[in-house]
Amino acid sequence: MRRLLILACFCLLGSFVLGLNGCFPRDGSGDVQEAKPLPELSCIAVLPTAVPVASGETLLKDDYKMLLEGAAYLDSVLADLLAGNAQFNLLNDNQIDGILTDSWGGRIQQLRAIGQATGCGGVLGTTLSRYRQRVGSELSAETPAAVSFSMNLVGVEKGVVLWSTSFDEAQEALFDNIFTYKKSKSRGFKWITVQDLTQRGVQSRLDELPYYQKQE
């Protein structure tokens with residue numbers, strides 16, 4: 016429930032950002048849209064991963080529970096990958112609750128509230144829309160793992176999108192798509208878990224985030 020409230024608050028803050036997700040490729044190709052030149056940011060506040068508000072009403076109970084578990088796991092992946100990186104300030108549910116005391120505040124007001132509380136010039140939000148575990152083993156999967164998420168970086172000062180990307184993949188068998196050979200080889204020609212797919216997806220997208228690359 017808390018993740019729904021966070022999403023409701025932040026989507027009101029930048030609903031146009033999430034609305035742009037449909038304009039970006041969702042095939043796992045890694046294509047990224049970004050504004051140039053990118054401004055210097057003191058730091059980036061990273062919100063807890065959210066799930067679509069409507070999911071709780073449209074998904075089966077078990078599927079929705081899996082989506083929430085996926086959001087928590089994605090948060091843990093971000094925490095591991097961004098650990099020790101002073102450019103990023105990871106926020107938890109309680110911190111967001113304390114910052115956004117007025118859930119009906121305007122988009123710019125909420126952005127500035129987060130920026131003022133964290134001292135960051137950018138806010139990075141992630142939305143998880145699909146999280147399906149593999150059914151079967153590494154050698155034989157009846158249902159492959161699947162993950163879909165979007166990431167959006169918004170500038171606090173003007174409330175504009177600085178960077179946006181998405182990841183959408185359901186693992187495919189090599190004989191179903193020969194073009195997955197390189198990817199299949201990197202995975203040992205095995206059916207991987209949804210956790211492994213999520214970690215690989217998040218890493219691939221962060222590698223394309225300019226503010227993340229500058230810290231390497």
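If you're matching positions, the sequence shown starts at 16 in my numbering and goes up one per residue. For each residue, glycine too, the CB sits at the ideal point set by N, CA and C. If you're wondering where the values come from, they're calculated on a predicted model, not measured in any experiment.
How far does the beta strand (DSSP E) with GLU163 in it reach, from first residue to last?
Here residue 163 corresponds to residue number 148 of the sequence shown, with the count starting at 1. The displayed chain sequence assigns Ser, not Glu, to residue 163. Its beta strand (DSSP E) spans residues 161-170.
What residues in its chain sit with their C-beta under 6 Å from that of SER163, if we drop five residues either side in the sequence?
Here the question's residue 163 lines up with position 148 in the sequence shown. Hits under 6 Å: SER144, ARG145, ASP183.
On the DSSP bridge assignment, give the partners of ASN100 in chain order.
Working through the sequence shown from its first residue, we reach residue 100 at position 85. The beta-bridge partner set that DSSP reports for ASN100 is empty.
Express the C-alpha separation of ALA94 and LEU82 in angstroms, rounding to a whole number.
For the purposes of this step, residue 82 is taken as the residue at position 67 of the sequence shown. For the purposes of this step, residue 94 is taken as the residue at position 79 of the sequence shown. Going from the Cα of LEU82 to the Cα of ALA94 covers about 18 Å.
With a 10 Å radius around its C-beta and 16 neighbouring C-beta atoms as the bar for buried, classify ASP77 as buried or exposed.
Residue numbering aside, residue 77 sits at position 62 when the sequence shown is read from its first letter. By the neighbour-count rule (16 or more Cβ atoms within 10 Å), ASP77 is not buried but exposed.
Kindly confirm or deny that the region 49-65 and the region 121-128 touch, where touching means at least three C-beta pairs closer than 8 Å.
The region 49-65 makes no contact with the region 121-128: fewer than 3 CB pairs, one atom from each, lie closer than 8 Å.
What is the rounded straight-line gap between the Cα of CYS24 and the Cα of PRO159?
Start at 1 with the first residue of the sequence shown, and residue 24 comes out as number 9. Start at 1 with the first residue of the sequence shown, and residue 159 comes out as number 144. Residue placement at CYS24 is poorly supported in this model, since its pLDDT is 43, which falls under 50; the coordinates are not used for a value here.
Let me know if SER165 comes out buried or exposed under the rule of 16 or more other beta-carbons within 10 Å of its beta-carbon.
As a first step, residue 165 must be located in the sequence shown, where it is residue number 150. Its Cβ being crowded by 16 or more others within 10 Å, SER165 is buried.
Please return the same chain residues whose Cβ sits closer than 8 Å to the Cβ of GLN214, not counting the five positions on each side in sequence.
Indexing the sequence shown from 1 puts residue 214 at position 199. Cβ neighbours of GLN214 beyond the five flanking positions: VAL92.
Classify VAL68: buried if its beta carbon has 16 or more other beta carbons within 10 angstroms, exposed otherwise.
Within the sequence shown, numbered from 1, the residue matching residue 68 stands at position 53. Flag for VAL68 reads exposed.
Measure the alpha-carbon distance for ASP211 versus ASN100 and round it to whole angstroms.
Taking the first residue of the sequence shown as position 1, residue 211 is located at position 196. Taking the first residue of the sequence shown as position 1, residue 100 is located at position 85. So the two alpha carbons sit approximately 22 Å from each other.
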